[in-house]
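Below: the structure, in structure tokens.
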Amino acid sequence: MVDFLLNTVKPHFNFWVYVILMMIGLWSLIAKNNLIKKMMGLAIFQTAIILFYVSLGVKDGATIPVLESYGDYAEKAEKAEPAGPEVAPPDATPAPVVVNPADTYANPVPHVLMLTAIVVGVATLGVALALCEMIYKEFDTLEEDELLRKIKALHDDA
Amino acid sequence: MLEQLPALILLAPLFGALLIGLIGLHDRRACFPIAFTALIISLASAIGAAMRAFTGGAYNYFIGGWEEPLGIGIVLRVDALNGLLLIAIAVVAVLAVIFTIRPSSEKDTDKTAYFYILFLLLCVGLFGITITGDAFNLFVLIEVSALTSYGLVAIGTSRRCKMAAFHYLLMGTVGASFYLLGVGYLYLKTGSLNMQDINTILTTNATVAQSPAIVTAFILILVGIWIKMAFFPLYGWLPNAYSYSPSGSSCLLAPLMTKVSVYVMIRVMLSLFGLEWVFGHPGWSDLVVWLAVIAILAGSIMALAQREIKRMLCYLIVAEIGYMVGGAWLNDPNLWGLTGASYHILADAMMTLCLFLFAGILFKYHGVSEIGDLGGMFKKMPITSIGFIVGALAMIGVPPTCGFFSKFYLIRGGIEGGHPEYVAALLISSLVNAVLFFRIFEIAYFGKNPAAGHSHDHGHDDHDSHDHDDPGDAVTTAARPMREAPVYALIPLLAAAALIILVGIFNGQIIELIRLTFEIPATVVSNLR
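Right, here's the structure in full:
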């Protein structure tokens with residue numbers, strides 16, 4: 001058990017947490033009867049994905065990603081060798097001829113992406129809350145089984 | 001100016017939506033002209049942008065001129081296939097907006113401006129999904145179109161549409177989130193979000209391409225898109241969302257949302273992962289084709305059980321999605337399945353538009369929503385009926401409508417790819433469609449008028465005077481007498497019907513353009529004809 005925790009869970013702790021959070025979200029999305037609780041499940045589900053993305057950008061001992069002189073680097077790199085997609089591990093052996101400044105930065109792209117995803121998530125929850133309010137005004141309940149009963153009655157009357 | 005056309009496709013409806021927010025909220029008469037103009041500009045730009053791709057091949061457009069090296073640019077990519085799709089989206093949007101001249105939620109005129117804002121933003125989302133060359137922007141644009149479509153479903157006056165919209169929201173968000181997660185895994189392995197870059201890395205770097213993270217990414221993306229396109233086991237949100245939404249919304253949503261999602265799947269297979277990678281996994285093709293067979297049969301059977309026209313059409317969409325997914329996964333040597341699926345995206349957009357316009361006309365002007373109430377329709381509304389007959393024949397697959405040719409290519413792919421079960425499902429589904437539509441033809445041609453006072457709880461309370469010209473009919477007391485719909489409702493219907501036939505007649509040229517994208521020599525195509 002301890003071995004499992006140390007060898008499997010600890011190195012990928014964030015990823016374990018994200019999967020568990022995601023499953024909690026999906027479960028409450030499927031199993032809960034109350035529409036607001038379903039919505040909360042959706043929010044947890046989305047947050048889990050945000051955690052996943054944020055974990056992608058983390059690097060040990062990295063600095064803030066502010067690009068100061070891209071031009072210099074590009075010039076030098078052109079002379080030296082074409083730079084591939086950054087794969088160099090941060091603990092690489094003695095500095096290569098040209099240090100790609102990106103290697104010392106935390107990867108900003110996933111974090112920036114998540115700003116957008118958070119906005120999208122907030123908008124979705126806003127729309128969902130508005131819909132819940134309209135459903136409540138229409139049917140006086142947010143419990144799904146009652147809603148289905150009332151809708152069925154509506155259908156039978158018609 | 002001409003090289004800016006790809007951006008203009010997106011910007012015209014976006015600024016149109018903003019303008020409606022500024023002007024239309026004060027003066028509702030301004031809404032329609034602004035929306036119409038914006039969509040016409042989009043249509044013209046889409047044609048221009050697509051023509052360039054047809055003649056000069058695929059090209060990239062960098063918004064704001066931020067080109068590659070920094071990797072923060074937003075890239076739009078136009079090739080022959082999505083050029084065709086852009087034109088189709090613009091055409092459907094223009095026709096659907098003409099249909100909304102008198103919005104279907106007539107009592108609620110306060111919502112007119114909001115309706116058009118959402119309508120235009122949905123168009124922005126759909127154009128964006130089609131044209132973007134960036135995997136993450138695709139997610140954002142999927143959410144733009146999804147959020148607006150929740151609004152468009154919920155804007156109706158029907159009591160059930162809010163509930164339908166809420167379920168649509170839950171399912172849609174889960175689908176988009178799965179897609180986002182898949183893109184995350186892709187980024188983890190490739191360090192890029194640009195579709196072309198990812199494709200290059202996957203095709204050149206075998207260790208990356210074979211890693212389990214990439215397989216996970218593909219499966220997550222695929223499941224996410226399947227939820228979005230209502231592929232069979234994941235279709236639950238579709239029938240309610242489309243049948244309870246107002247007619248104006250469903251005429252835009254039903255032809256486009258699912259079809260654009262199918263295009264996203266084809267795009268992901270073709271230019272993100274690459275067909276060799278996708279079909280390099282033994283068994284995947286067979287599995288998905290069997291799923292598609294189940295989708296086709298289930299959709300057709302459920303359509304048979306429906307009494308309402310719109311709901312029947314919704315289940316037919318589920319079956320049609322099965323056609324396209326199955327076709328795209330046939331993995332036949334000459335890619336006829338994929339060609340047929342791409343062609344069917346265009347064909348199905350036109351057919352669905354035509355039939356939903358027909359259902360919209362019936363419901364909006366006559367309060368009719370059930371098949372049994374169509375008695376005597378052919379005699380009283382001959383022009384509307386022509387539009388409907390063309391749409392129905394295309395669904396069945398009668399030449400020279402486009403439905404025949406898409407089935408032709410799909411079946412050819414099924415035979416060459418060695419999937420007899422898919423061919424059988426297509427033929428059975430065509431037969432079921434024939435039964436469905438000929439039942440309607442029979443009622444509409446021979447049926448008597450429906451009994452009076454058939455209940456309609458959807459707010460059409462203005463009873464017109466009865467139709468006294470009805471010669472010698474025993475049951476003349478229809479609640480709302482049938483007569484031709486106004487011109488602005490007939491124009492889009494007949495235009496859609498004409499397009500169905502045109503897309504069918506010019507199938508050779510369209511197929512040639514589609515296969516340009518697959519990089520298959522045109523000689524293979526010309527041998528066929």
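Chains R and L supply the protein sequences, listed in that same order. The first sequence begins at 1 in this note's numbering and counts up one residue at a time. The second sequence begins at 1 in this note's numbering and counts up one residue at a time. Where a beta carbon is used, it is the ideal one built from N, C-alpha and C, also for glycine.
Whole angstroms is fine: what's the gap from residue i's alpha carbon to residue j's?
| i | j | result |
| --- | --- | --- |
| Ile87 of chain L | Asp145 of chain R | 44 Å |
| Val223 of chain L | Leu22 of chain L | 39 Å |
| Leu11 of chain L | Phe139 of chain L | 19 Å |
| Leu5 of chain R | Leu39 of chain L | 58 Å |
| Ser249 of chain L | Ser243 of chain L | 10 Å |
| Ala35 of chain L | Val97 of chain L | 8 Å |
| Leu516 of chain L | Phe437 of chain L | 35 Å |
| Leu56 of chain R | Leu493 of chain L | 50 Å |
| Leu169 of chain L | Ile321 of chain L | 20 Å |
| Gly125 of chain L | Asp3 of chain R | 49 Å |
| Tyr53 of chain R | Pro382 of chain L | 58 Å |
| Leu253 of chain L | Met1 of chain R | 52 Å |
| Leu431 of chain L | Ala46 of chain L | 36 Å |
| Gly413 of chain L | Leu147 of chain L | 36 Å |
| Leu85 of chain L | Leu346 of chain L | 7 Å |
| Ser429 of chain L | Thr132 of chain L | 34 Å |
| Gln196 of chain L | Arg28 of chain L | 44 Å |
| Leu142 of chain R | Leu131 of chain R | 11 Å |
| Gly151 of chain R | Asp79 of chain L | Gly is not the amino acid found at residue 151 of chain R; the sequence shown has Ile there. One C-alpha to the other measures close to 47 Å. |
| Trp277 of chain L | Thr203 of chain L | 8 Å |
| Leu129 of chain R | Leu188 of chain L | 33 Å |
Kindly indicate the opening and closing residues of the beta strand (DSSP E) around residue i.
| i | result |
| --- | --- |
| Val78 of chain L | Val75 to Val78 |
Let me confirm a value: residue i is counted as buried when at least 16 other C-beta atoms fall within 10 Å, else exposed. Which label applies?
| i | result |
| --- | --- |
| His366 of chain L | buried |
| Ala292 of chain L | buried |
| Val94 of chain L | buried |
| Asp348 of chain L | buried |
| Ala532 of chain L | This structure cannot settle anything about residue 532 of chain L, because the visible part of chain L is limited to 1 through 529. |
| Lys38 of chain R | buried |
| Trp329 of chain L | buried |
| Thr190 of chain L | buried |
| Gly56 of chain L | exposed |
| Glu512 of chain L | buried |
| Val122 of chain R | exposed |
| Arg483 of chain L | exposed |
| Trp336 of chain L | buried |
| Glu163 of chain R | Summary: the structure shown does not reach residue 163 of chain R, with chain R confined to residues 1 through 158, and so no result is reported for it. |
| Pro13 of chain L | buried |
| Pro333 of chain L | exposed |
| Lys380 of chain L | buried |
| Asn7 of chain R | exposed |
| Leu115 of chain R | exposed |
| Arg307 of chain L | exposed |
| Lys10 of chain R | exposed |
| Ala153 of chain R | exposed |
Which residues mark the beginning and the end of the alpha helix (DSSP H) in which residue i is found?
| i | result |
| --- | --- |
| Leu374 of chain L | Run containing Leu374 of chain L: none; DSSP gives neither H nor E here. |
| Gly327 of chain L | Ile309 to Ala328 |
| Arg515 of chain L | Asn507 to Thr517 |
| Phe52 of chain R | Leu35 to Gly57 |
| Lys407 of chain L | Cys402 to Glu416 |
| Ala206 of chain L | Ala206 to Ala209 |
| Arg483 of chain L | From DSSP, Arg483 of chain L is part of no alpha helix (DSSP H); its letter is neither H nor E. |
| Ala230 of chain L | Where Ala230 of chain L is concerned, there is no enclosing alpha helix (DSSP H), given that its DSSP letter is neither H nor E. |
| Met1 of chain R | Counting along the chain, Met1 of chain R falls outside any alpha helix (DSSP H), and DSSP gives it neither H nor E. |
| Thr173 of chain L | Cys161 to Thr190 |
| Tyr136 of chain R | Pro108 to Phe139 |
| Ala146 of chain L | Ala135 to Ala154 |
| Asp286 of chain L | Trp284 to Leu304 |
| Asp348 of chain L | Trp336 to His366 |
Please compile the residues from chain A whose C-beta is within a distance smaller than 7 Å of the C-beta of residue i.
| i | result |
| --- | --- |
| Tyr53 of chain R | The chain inventory of the structure shown lacks chain A, comprising the protein chains R and L. |
Length-filtered (3 minimum) beta strand (DSSP E) runs lying within the stretch 8-73 of chain L: Inside the stretch 8-73 of chain L, DSSP marks whole beta strand (DSSP E) runs of 3 or more residues at positions 59-62, from first to last along the chain.
Closer than 9 Å between beta carbons: that is the criterion. Which residues of the stretch 150-171 of chain L meet it against chain R? Taking 9 Å as the upper bound on Cβ-Cβ separation, chain R lies near residues Tyr150, Gly151, Ala154, Arg159, Arg160, Lys162, Met163, Ala165, Phe166, Leu169 and Leu170 of the stretch 150-171 of chain L.
Whole alpha helix (DSSP H) elements within the stretch 233-265 of chain L, 4-residue minimum: Contiguous alpha helix (DSSP H) elements confined to the stretch 233-265 of chain L occur at 238-244, taking only those with 4 or more residues.
In the stretch 363-377 of chain L, which residues sit with their C-beta less than 9 Å from some C-beta in chain R, listed in chain order? Closer than 9 Å at the C-beta level to chain R, one finds no residue of the stretch 363-377 of chain L.
Quick one, which residues of the stretch 26-46 of chain R are near chain L if we go by CB-CB under 7 Å, in chain order? Hits within the stretch, in order: Leu29, Leu35, Lys38, Leu42, Phe45 and Gln46.
The stretch 138-155 of chain R: positions lying closer than 7 Å to chain L by Cβ: Legend: CB atoms of the stretch 138-155 of chain R lying less than 7 Å from CB atoms of chain L belong to residues Glu138, Leu147, Ile151 and Leu154.
For the stretch 116-128 of chain R, which residues have a CB atom closer than 7 Å to at least one CB atom of chain L, in sequence order? Result list: Thr116, Ala117, Val120, Ala123, Thr124, Val127 and Ala128.
Within 8 Å of chain R by C-beta, residues of the stretch 249-261 of chain L in sequence order: Flagged: no residues at all.
Chain L contacts from the stretch 7-24 of chain R (Cβ-Cβ distance under 7 Å): Listed in chain order, the positions of the stretch 7-24 of chain R with a beta carbon within less than 7 Å of a beta carbon of chain L would be empty, since no residue qualifies.
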